[in-house]
Amino acid sequence: MSADNALLTLLTEKLRNNLLVLPTLPEIAVRVRQAAEDPDINLHSMAEVIARDPALAARMLKVANSAFLGRSIKVSTLNQAVTRIGLFQVKNIATAMALEQLFVSQHPQVREQMSELWRETIETTCIAMACLKFYQQSHKHVPLNLDTLTLAALVYQIGALPILTEAEKYPAVFAEPAYLRHAIRDLSASIGVVILQSWGFADIFIKVTQDWAGLQTSNEVCYTDFVRLATIARQQFPRRSNEPQLLEYYLAQGLIPRVNFMQDPQIAQNYQDAKTMFT
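According to the numbering used here, the sequence shown is numbered sequentially starting from 174.
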């Protein structure tokens, strides 16, 4: 058996038998999500929860002052940042910003793969956000939120983490980039669903992880459409031969202004603005 097939077999067996070690949601993200479920929570109390993690607090200030939120006046305190982002939205944004803590490894090759995966995920997220912001301008009442899409896009390949962690245990055999790419392509979605279920994430996040690489579309625009568009833009969509028909469909639905949508000035600007949240 080749090392490539051996890795796939090992992962499949561990997943089937519930033996795969799944990443846990960062503690600060758990605290924020628990606080958000409290019906009596207020902005000040939420800011106090976030303040327990200085790195996350700094990231939330950056988000609040980002060009994507379109505010020229900068905020300087965490209370102001939470107020600007919004109490409902802060749950998803704080979780999203804490996820980077999971993309770490002690093994150089795997660490490089983790870093690359995080960079790719950020790119995908920013493109998806840019497209949704464009769509919202002409569809004011669409029931889709940028904070939800941000988190959905950041976890769309979360299933890759246990694959990379497993490879870390057997670096001489499994740390080849080609093996890892194949395993991520074939198993990331099914593993990702298990992870998000273990984290207690809502079905809308699970649906994105489950469906983004497929071809199914629905009568109602959903978060999956924007993540899929982003993977097409990055040439990461696995069904390349189906891209033209998907792009024509999304063009007809008004999600994009033209087939080469990243060349559109508004989407390009939205994309650059979104990147300010992560840089």
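No residue lacks a Cβ here, since even glycine has one placed at the ideal position from N, Cα and C.
Supposed close pair residue i, residue j - CB separation, criterion 8 Å
i	j	result
Ala325	Tyr396	5 Å
Ile223	Ala267	6 Å
Ile377	Thr338	The pair is not a contact, with the Cβ atoms about 26 Å apart (cut-off 8 Å).
His280	Glu349	Rounded, the Cβ-Cβ distance is 13 Å, inconsistent with contact.
Ile295	Phe434	Actually they are not in contact, since the Cβ atoms of Ile295 and Phe434 sit about 19 Å apart, beyond 8 Å.
Gln409	Leu353	The pair is not a contact, with the Cβ atoms about 15 Å apart (cut-off 8 Å).
Ala301	Leu402	7 Å
Residues of its chain near residue i, where Cβ-Cβ distance is below 8 Å and the 5 sequence neighbours each way are ignored
i	result
Leu188	Leu360, Ser363, Ile364 and Val367
Backbone secondary structure at residue i - three-state DSSP
i	result
Met450	coil
His312	coil
Trp372	helix
Trp291	helix
Glu200	helix
Arg466	No answer is possible for residue 466: it lies beyond the span of the chain, which begins at 174 and ends at 452.
Lys247	coil
Gly365	helix
Cys304	helix
7 Å CB neighbourhood of residue i in its chain, flanking five on each side removed
i	result
Thr250	none
Leu195	Pro335, Val367, Ile368 and Ser371
His217	Asn252
Cβ-Cβ distance between residue i and residue j below 8 Å
i	j	result
Pro335	Gln282	no
Ala202	Ala303	no
Gln370	Ile379	yes
Ala220	Ala237	no
Val205	Val315	no
Thr449	Phe241	yes
Cys299	Ala447	yes
Leu229	Val248	no
Thr197	Ala269	no
Val432	Leu420	yes
6 Å Cβ shell around residue i - same chain, five flanking residues per side excluded
i	result
Tyr329	Val381, Thr382, Trp385 and Val400
Ala333	Leu290, Ile357 and Ser361
Ile214	Ala208
Pro411	Ala386
Lys172	Outside the displayed span of the chain (174 to 452) sits residue 172, for which this structure offers no information.
Arg232	Met270
- Task: Inspect the CB distances between the stretch 436-446 and the stretch 256-263 and report whether three or more fall short of 8 Å.
- Result: no
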